[in-house]
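All remarks here apply to the structure that follows.
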Amino acid sequence: MRLFTICAILAATASSALAGILEALQTGSEPHSARALPSSFAWSSSQPLIYPQNDGHNITALKDPSVIYYNGAYHVFVSTVSDAEGYNMAYLTFTDFNSAESATIHYLDATAIGTGYRAAPQVFYMTTQSLWYLIFQDGNAGYSTNPDITNPNGWSAVKDFFTSVPTIVSDNWTGGWLDMWVICDDTDCYHFSEDDNGHVYRAQTTIEDFPNGMGNVVIALEDSDPYNLFEASNVYKVGSQYLLIVECIGSTGHRYFRSWTATTLSGTWTPLAATESNPFAGAANVVFPGGTWTEDISHGEAIRTNVDQTMTLDSSCGPTQYLYQGLPTGSSESYNDLPWKLALLTSTSCTGTTTTTTTTKASSTTTKASTTSTKTTTSASSTASTVAEYGQCGGIGYTGSTVCASPYTCTYSNAYYSQCL
């Protein structure tokens, strides 16, 4: 493995950025206790903290957050959802979650990442290359790099880890290939993903070859009930263990997370807090001091101060804070119009260091029962007009035209999104 040196970093970044990266890496490099992760978790949730702004972009939801705390600020990457432009990504940064709602949203379709379907980001710093990586789904498994995370215009043009969707994925999916996640140990980098059909996939390459050479795609975990192993996996290093969490759909149609542990990234995953009644995070173990505004604990990410590719958490008892997407209770819009918002879970069972506090606000959310949609594979459509290049032409909840303007073809990306390419 080629280790980065102080000279290499100085050549790539300013001294302030160097100090921040070193501080972040050192924070995560301290040895942890060898004790096992707890078998149960408990959380307290904030009210919504991040949601669409009235900035002319007509975004219906901000979803799928990836978050790190680096150099004195939070850096958050999200999926954006728009009726007109479909899915893409955005970036915002702030020093305190209480000011998150007023942070400027930088839309990444205006960068070299470009327009078209991009969603579900994950961000980390690759120490062996002195580069930030943004991982996401784009119908394939895409990535972009940037030497400076604070420069939203610095992201490179999109490349893919694979030349096409791996056969093992296309042979097993029903809901698409989605929610890409990368984590590395000392010798290899592993790529995890899901298909909304009860499978977690794993691929790998050497750390020297990364991002090239991804292969050996296998099913790392599976369940005969797709709702028990649905999407949005995270994998973290916690002490001498690895923690896997996966979003599931519960008996009432609401989202929650199950969890597993393993001793290696290529090893067998053993259930930890892995039921609807004892979840990693869900209605059964989340309280809302400001009032219950959602029944869905969905796609999110633990706040990390160790920002590198090892995805190491500082606390030996697991995540102490988790930024997630919630759906306001009573929401019944079509899938792409659902008003997902982001809120923060703070652990009440793990005594590790947390990085922020939020002000509790009273909730004015109505308490009528949610009509959150569960998985379907068809959608209503209209053929009254044609859809331009990169426009949406299908997916769960989509009601617009399914006919693409010539010479474009309506191309399946996942169960929720097809676009004209």
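For the sequence shown, the numbering used here assigns the number 9 to the initial residue and increments by one for each residue that follows.
All C-beta atoms, glycine included, are put in the ideal place defined by N, C-alpha and C.
Please read all numbers here as calculations on a predicted model, not as lab measurements.
As assigned by DSSP and simplified to three states, the class of residue i
i: S107; result: helix
i: S241; result: strand
i: G162; result: helix
i: T394; result: strand
i: L116; result: helix
i: I3; result: No statement about residue 3 is possible, as the shown extent of the chain runs from 9 to 429 and does not include it.
i: I191; result: strand
i: D430; result: Absent from the structure is residue 430, since the part of the chain shown begins at 9 and ends at 429.
i: S90; result: strand
i: Y235; result: helix
i: V173; result: coil
i: S267; result: strand
i: Y78; result: strand
i: S409; result: strand
i: D345; result: helix
i: S340; result: coil
With 16 other Cβ atoms within 10 Å as the buried cut-off, status of residue i
i: D63; result: exposed
i: N159; result: exposed
i: D233; result: exposed
i: T271; result: exposed
i: G290; result: buried
i: D104; result: exposed
i: D217; result: exposed
i: D304; result: buried
i: G299; result: exposed
i: S393; result: exposed
i: A118; result: exposed
i: N154; result: buried
i: S355; result: buried
i: V208; result: buried
i: N66; result: exposed
i: T410; result: buried
i: G326; result: buried
i: P297; result: exposed
i: A69; result: buried
i: G80; result: exposed
i: T328; result: buried
i: S74; result: buried
i: V131; result: buried
i: V226; result: exposed
i: A92; result: exposed
i: N161; result: exposed
Nearest neighbour of residue i, chosen from the options [CA to CA]
i: E239; options: D204, S259, H199, S232; result: D204
i: I176; options: A211, D146, P73; result: A211
i: L116; options: V190, G124, D91; result: G124
i: S164; options: D179, T356, G184, I143; result: I143
i: A442; options: F265, V190, S107, V166; result: Beyond the ends of the chain as shown, which are 9 and 429, falls residue 442; an answer cannot be given.
i: T214; options: V254, G223, H207; result: G223
i: S90; options: Y330, Q61, S110, I76; result: Q61
i: S511; options: I58, A98, P219, S414; result: The displayed coordinates of the chain run from 9 to 429. Any statement about residue 511 would go beyond what the structure contains.
i: S53; options: C192, N180, P287, G334; result: G334
i: T88; options: T101, P129, A44; result: P129
i: S138; options: D156, I121, V131, G122; result: D156
i: M134; options: G80, S267, V190; result: V190
i: Y198; options: W185, T328, F169; result: F169
i: D231; options: V254, P219, Q249, L100; result: V254
i: Y141; options: Y95, N180, M188; result: M188
i: L45; options: T417, S357, S306; result: S357
i: F102; options: G94, I121, I76; result: I76
Cα-Cα separation, residue i to residue j
i: T260; j: T313; result: 35 Å
i: A228; j: A149; result: 17 Å
i: H262; j: S47; result: 22 Å
i: K71; j: D345; result: 12 Å
i: D194; j: S323; result: 20 Å
i: D196; j: V173; result: 21 Å
i: Y235; j: E341; result: 21 Å
i: L237; j: A281; result: 14 Å
i: Y330; j: I113; result: 20 Å
i: L251; j: N286; result: 16 Å
i: G338; j: M97; result: 26 Å
i: S178; j: G221; result: 20 Å
i: T302; j: T278; result: 29 Å
i: G275; j: W268; result: 11 Å
i: V295; j: Q55; result: 11 Å
i: S152; j: L186; result: 17 Å
i: T283; j: S414; result: 49 Å
i: P219; j: C192; result: 11 Å
i: E109; j: Y99; result: 13 Å
i: E309; j: C412; result: 35 Å
i: I257; j: F288; result: 13 Å
Residue i CB to nearest heavy atom of the ligand GDP below 7 Å
i: W181; result: With respect to the ligand GDP, the structure shown offers nothing to examine, as it has no ligands at all.
The region 227-244 / the region 306-323 touching (three or more Cβ pairs under 8 Å) | The region 227-244 makes contact with the region 306-323: 3 or more CB pairs, one atom from each, lie closer than 8 Å.
May I ask you to verify whether the region 83-92 touches the region 334-351, counting CB pairs closer than 8 Å and requiring at least 3?
-> yes
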